[in-house]
Amino acid sequence: MPEQLLQQIVNGLLIGFMYSLIAIGLTLIWGVMNIVNFAHGDFLMVGMFASFWLYTLYGIDPLFSIPFCAILLFVMGVIIYRFVVSKVMGGPVLAQLVVTFGVSIFIANLAVYLWTPDFRFIDKTILSGTWRLGTVQLSIPKTVASVGSIITSAVVFLFLKKTRTGKAILATEMDREAALLMGINTERINSLSFGIGAALVGIAGAFLSTYYYIYPQVGGLFGTIAFSIVALGGFGSISGAFIAGILVGLVQTLGGFFFDPAYKYAIVFMIYLITVWIRPQGLLGW
Amino acid sequence: MRGFTPRQIVSGGVVLAVLIVLPLIITSTFFRHVMILVFMFGTMGVAWNIMGGYAGMFSFGQVAFFGIGAYTSSFLLITYGVNPWIGLIAGGLVSACVAAALGYPCSNLRGHYFAIASIAFGEIVRTHFNNWKLVGAAEGLSLPMLKGGMKVFMFHSSKLPYYYIILGFLLIALLVCRLLAGSKMGYYFRAIKESHEVAQVLGINVARYRLIAIMVSAFLTAMAGTFYAQYILYIDPDSVMILPVSVQVVLISMLGGAGMVIGPVIGALILIPISEATRVWLGYKGTGIDMLVYGFLITLISVYQPKGVWGLFVNTGKRAQ
Amino acid sequence: MSKAVCLDVRGVTKLFGGLRANDDVSFTVEEGEIVSIIGPNGAGKSTLFNCITGFYKPNAGSVRFFGRDITRMRADTVCRIGIARTFQVVQVIGEMTVLENVLTGALMNYVRVGSARQKAEEVLSFTGLLEKKDRSGSELTIADKKRLEVSMALATRPRLLMLDESMAGLTVVELRRMIDLIKSVRGSGVTLVVVEHVMEAVMEISDKVIVLNSGRKIMEGSPREVVCNPEVIQAYLGDRYRAVGR
Numbered sequence: 001m002p003e004q005l006l007q008q009i010v011n012g013l014l015i016g017f018m019y020s021l022i023a024i025g026l027t028l029i030w031g032v033m034n035i036v037n038f039a040h041g042d043f044l045m046v047g048m049f050a051s052f053w054l055y056t057l058y059g060i061d062p063l064f065s066i067p068f069c070a071i072l073l074f075v076m077g078v079i080i081y082r083f084v085v086s087k088v089m090g091g092p093v094l095a096q097l098v099v100t101f102g103v104s105i106f107i108a109n110l111a112v113y114l115w116t117p118d119f120r121f122i123d124k125t126i127l128s129g130t131w132r133l134g135t136v137q138l139s140i141p142k143t144v145a146s147v148g149s150i151i152t153s154a155v156v157f158l159f160l161k162k163t164r165t166g167k168a169i170l171a172t173e174m175d176r177e178a179a180l181l182m183g184i185n186t187e188r189i190n191s192l193s194f195g196i197g198a199a200l201v202g203i204a205g206a207f208l209s210t211y212y213y214i215y216p217q218v219g220g221l222f223g224t225i226a227f228s229i230v231a232l233g234g235f236g237s238i239s240g241a242f243i244a245g246i247l248v249g250l251v252q253t254l255g256g257f258f259f260d261p262a263y264k265y266a267i268v269f270m271i272y273l274i275t276v277w278i279r280p281q282g283l284l285g286w
Numbered sequence: 287m288r289g290f291t292p293r294q295i296v297s298g299g300v301v302l303a304v305l306i307v308l309p310l311i312i313t314s315t316f317f318r319h320v321m322i323l324v325f326m327f328g329t330m331g332v333a334w335n336i337m338g339g340y341a342g343m344f345s346f347g348q349v350a351f352f353g354i355g356a357y358t359s360s361f362l363l364i365t366y367g368v369n370p371w372i373g374l375i376a377g378g379l380v381s382a383c384v385a386a387a388l389g390y391p392c393s394n395l396r397g398h399y400f401a402i403a404s405i406a407f408g409e410i411v412r413t414h415f416n417n418w419k420l421v422g423a424a425e426g427l428s429l430p431m432l433k434g435g436m437k438v439f440m441f442h443s444s445k446l447p448y449y450y451i452i453l454g455f456l457l458i459a460l461l462v463c464r465l466l467a468g469s470k471m472g473y474y475f476r477a478i479k480e481s482h483e484v485a486q487v488l489g490i491n492v493a494r495y496r497l498i499a500i501m502v503s504a505f506l507t508a509m510a511g512t513f514y515a516q517y518i519l520y521i522d523p524d525s526v527m528i529l530p531v532s533v534q535v536v537l538i539s540m541l542g543g544a545g546m547v548i549g550p551v552i553g554a555l556i557l558i559p560i561s562e563a564t565r566v567w568l569g570y571k572g573t574g575i576d577m578l579v580y581g582f583l584i585t586l587i588s589v590y591q592p593k594g595v596w597g598l599f600v601n602t603g604k605r606a607q
Numbered sequence: 608m609s610k611a612v613c614l615d616v617r618g619v620t621k622l623f624g625g626l627r628a629n630d631d632v633s634f635t636v637e638e639g640e641i642v643s644i645i646g647p648n649g650a651g652k653s654t655l656f657n658c659i660t661g662f663y664k665p666n667a668g669s670v671r672f673f674g675r676d677i678t679r680m681r682a683d684t685v686c687r688i689g690i691a692r693t694f695q696v697v698q699v700i701g702e703m704t705v706l707e708n709v710l711t712g713a714l715m716n717y718v719r720v721g722s723a724r725q726k727a728e729e730v731l732s733f734t735g736l737l738e739k740k741d742r743s744g745s746e747l748t749i750a751d752k753k754r755l756e757v758s759m760a761l762a763t764r765p766r767l768l769m770l771d772e773s774m775a776g777l778t779v780v781e782l783r784r785m786i787d788l789i790k791s792v793r794g795s796g797v798t799l800v801v802v803e804h805v806m807e808a809v810m811e812i813s814d815k816v817i818v819l820n821s822g823r824k825i826m827e828g829s830p831r832e833v834v835c836n837p838e839v840i841q842a843y844l845g846d847r848y849r850a851v852g853r
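Below you can see the structure in the form of structure tokens.
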């Protein structure tokens, strides 16, 4: 049925743009300091909860809590980098892999402790409901989120390409030693990148909270998918993460459509595995 | 046996004797249960160590092999009445084959890339089992209550036989690891871990040896899986095949000292009792405090003692062969 | 007594996208010779090494080792048939001791760990690292690491040893020791192909010098012929290591 197919494609794009935003933060951290942030999904969760509590306690619409979420997660990211991640930076790879797992478990369960494992939901946001475009249903929150994601991604891209700090980040990503020789303070770049990466996913969390269930374990799934997206797009490549995010969103919905919805994530992981086998550096990685 | 110093034989013997006698003195069921878990995770840790600590393939997907082992033997038992001991071997073989199928295309992946691939692999397997009607999908498999005895690998009145069996598995795993470590393969694994290029210019067929490491690791891990099924008598994907269990296996090896034969056992001896204790004392009402503490500990360990407990005692460059 | 042709490189071309890293490079190496490959940075020397030793597959051309076509051979197979190499950025196994490093190389031909260890000690004695055999690989100085890398390569009992910039970063004393080592290696019957920037060493050890520039071979000849050649001098203009004709 071409209409259903079209709907699935649209859904896939909407999910995909969200994925892109989440993945961009992760690939930035990865590219700059070669750390897999296994707590990335949990940062997302914190962003979602921040938005939820601002809405529930103060009636602030998630769209307006975006700046707050961004700043909160930025600070959180910098703190976690300074006090935890930076300590394992010269050490064994294994420690680097495990430490963010520790952070992830800690954050997720802190959330369980503080807010119980219950599922939460934000009912009425300013922009809610559905648009109908011909035969296609567009969920307004999802569309707003996607647009927001595209705008944020564009801002990040421009920041990296045009500003001095942004270029320093890119330089560190490409060749750390050369950056050091150029007088770039790579430690500060690390902190900054970790913070920005967290902030991006905090923004994503605010958007996501407008239509997705909010609960402490939500980070797990998004995190794992984010890794696959980053690997697919190429570690460290912002544009790669963006494109891969959209692709994964499409694979997820179309895979679920053509095969079995229960397998939709498994299909995503399969595509990831296949890509990495054929082209280890991902689609656009170096 | 070649390579064991008299001191190692004596101290090993003493420890073994203690472990054998211990459950006869401390008859608490909880104690025996914790020790069984220690040995089981120790076995998985040693298995992980072969591919991770030695060959440098940091797998965060060991639960897949654990689960495949558990499901293979249980399925064969339930559906065809196959004796669990045979199921044990079958589970190991199936696991090793799956490992080979995964490992071959991944033979170029290293470090973080391999880790993520292993996570993806673990999740794929879990999703599959969650939806596979043949093996009960999300409801899992309940093993039949057979009349207890060694022949059927099932005991109902006491945990003691399970204790000794899993201790036996652990010893087997340690033996395999020890043999590999001191052999040509052990050196080749460590070369591969350092750098594929260095390994190649020393004439090492990297893909082949990586495959061997993965398959041995998978076989041993599957054995632990079958044990678990026979012990708990119930398995389902969301308790047997979840990522946190894989992470636990990695942690044990890291804490005790990856790349040392005995490392994972030490790690298990420390981490499992802590994990069980926090779960029992703090885990009530699902408040998550136990996991919170656990996560905190993990972070602490990674930051301050990444070389593991063993790193406290031994200089780099000197290895207990 | 005519010498066998150890290495026969014909028309090797390697492309990376549009870049011709190696462009129709051909040369031969006779058994027992020491051949140096020189050229400015980016000339394609390491790429050529990689093409010969199986790390890259050339887009065109062939490589023959004692008559046997090894063009499409895998890197580890290339080692097993008798070609050993070192890397431009020295690579040793940091977590192992010096002895263990060499032992791993020896295992290729000596299956039992005991006999491999014996062979390793012989090699370390030959290269002068025996008294440091229990030091960790990561603790060594650069010079010793390079020496270790050569030892590891020698432990595989090669007929051809290819060294990639083994003299870079060495002091005068270390340089002399490395040159002497290379001469001993040749004396033991191993053919050598060496990539080098240090012209004093090239002048002293080489039977033949091959000059690459921008992927192409621009000259081949004795050391003296090469350093006087105007095209070679021009390729190196501005390079600090211009040799004064001896």
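So the sequences go chain by chain: A, B and C.
The first sequence stops at residue 286 when you use this note's numbering, and every number in between is there.
The second sequence stops at residue 607 when you use this note's numbering, and every number in between is there.
The third sequence stops at residue 853 when you use this note's numbering, and every number in between is there.
No residue lacks a Cβ here, since even glycine has one placed at the ideal position from N, Cα and C.
Computed from a prediction, not measured in an experiment: that's the story for all the values here.
Counterpart residues of residue i in DSSP-defined beta bridges
{"i": "residue 622 of chain C", "result": "C:627"}
{"i": "residue 824 of chain C", "result": "C:819"}
{"i": "residue 138 of chain A", "result": "A:131"}
{"i": "residue 428 of chain B", "result": "B:520"}
{"i": "residue 637 of chain C", "result": "C:612"}
{"i": "residue 297 of chain B", "result": "Paired residues: none, contrary to the question."}
{"i": "residue 617 of chain C", "result": "C:669"}
Contacts around residue i, its chain only, beta-carbon distance under 7 Å, and the 5 residues preceding and following it disregarded
{"i": "residue 421 of chain B", "result": "357, 361, 415, 427"}
{"i": "residue 623 of chain C", "result": "none"}
{"i": "residue 97 of chain A", "result": "36"}
{"i": "residue 690 of chain C", "result": "660, 672, 765, 767, 769"}
{"i": "residue 564 of chain B", "result": "576, 579, 580"}
{"i": "residue 60 of chain A", "result": "54"}
{"i": "residue 326 of chain B", "result": "452, 510, 513, 514"}
Where the alpha helix (DSSP H) through residue i begins and ends
{"i": "residue 567 of chain B", "result": "549-568"}
{"i": "residue 695 of chain C", "result": "Run containing residue 695 of chain C: none; DSSP gives neither H nor E here."}
{"i": "residue 391 of chain B", "result": "Here residue 391 of chain B belongs to no alpha helix (DSSP H), and DSSP marks it neither H nor E."}
{"i": "residue 248 of chain A", "result": "238-258"}
Residue i, enclosing beta strand (DSSP E) - first and last residue
{"i": "residue 672 of chain C", "result": "667-672"}
{"i": "residue 800 of chain C", "result": "798-802"}
{"i": "residue 814 of chain C", "result": "Run containing residue 814 of chain C: none; DSSP gives neither H nor E here."}
{"i": "residue 84 of chain A", "result": "That residue, residue 84 of chain A, is in no beta strand (DSSP E); it is neither H nor E in DSSP."}
{"i": "residue 642 of chain C", "result": "641-645"}
{"i": "residue 750 of chain C", "result": "Segment 749-762 is the alpha helix (DSSP H) holding residue 750 of chain C; no beta strand (DSSP E) there."}
{"i": "residue 768 of chain C", "result": "767-771"}
{"i": "residue 120 of chain A", "result": "Per DSSP, residue 120 of chain A belongs to no beta strand (DSSP E) and is neither H nor E."}
{"i": "residue 713 of chain C", "result": "Per DSSP, residue 713 of chain C belongs to no beta strand (DSSP E); it is in the alpha helix (DSSP H), 705-713."}
{"i": "residue 690 of chain C", "result": "690-692"}
Distance between residue j and residue i (C-alpha atoms, nearest Å)
{"i": "residue 143 of chain A", "j": "residue 48 of chain A", "result": "17 Å"}
{"i": "residue 224 of chain A", "j": "residue 245 of chain A", "result": "13 Å"}
{"i": "residue 132 of chain A", "j": "residue 496 of chain B", "result": "54 Å"}
{"i": "residue 499 of chain B", "j": "residue 395 of chain B", "result": "14 Å"}
{"i": "residue 268 of chain A", "j": "residue 734 of chain C", "result": "53 Å"}
{"i": "residue 193 of chain A", "j": "residue 237 of chain A", "result": "14 Å"}
{"i": "residue 716 of chain C", "j": "residue 707 of chain C", "result": "15 Å"}
{"i": "residue 379 of chain B", "j": "residue 436 of chain B", "result": "22 Å"}
{"i": "residue 448 of chain B", "j": "residue 122 of chain A", "result": "50 Å"}
{"i": "residue 169 of chain A", "j": "residue 25 of chain A", "result": "13 Å"}
{"i": "residue 163 of chain A", "j": "residue 39 of chain A", "result": "28 Å"}
{"i": "residue 603 of chain B", "j": "residue 330 of chain B", "result": "With a pLDDT of only 39 at residue 603 of chain B, under the threshold of 50, the placement of this residue in the model should not be trusted, and no figure is reported."}
Assumed close pair residue i, residue j - CB separation to whole angstroms, cut-off 8 Å
{"i": "residue 758 of chain C", "j": "residue 730 of chain C", "result": "5 Å"}
{"i": "residue 220 of chain A", "j": "residue 16 of chain A", "result": "That pair is no contact at about 20 Å."}
{"i": "residue 695 of chain C", "j": "residue 772 of chain C", "result": "5 Å"}
{"i": "residue 385 of chain B", "j": "residue 504 of chain B", "result": "4 Å"}
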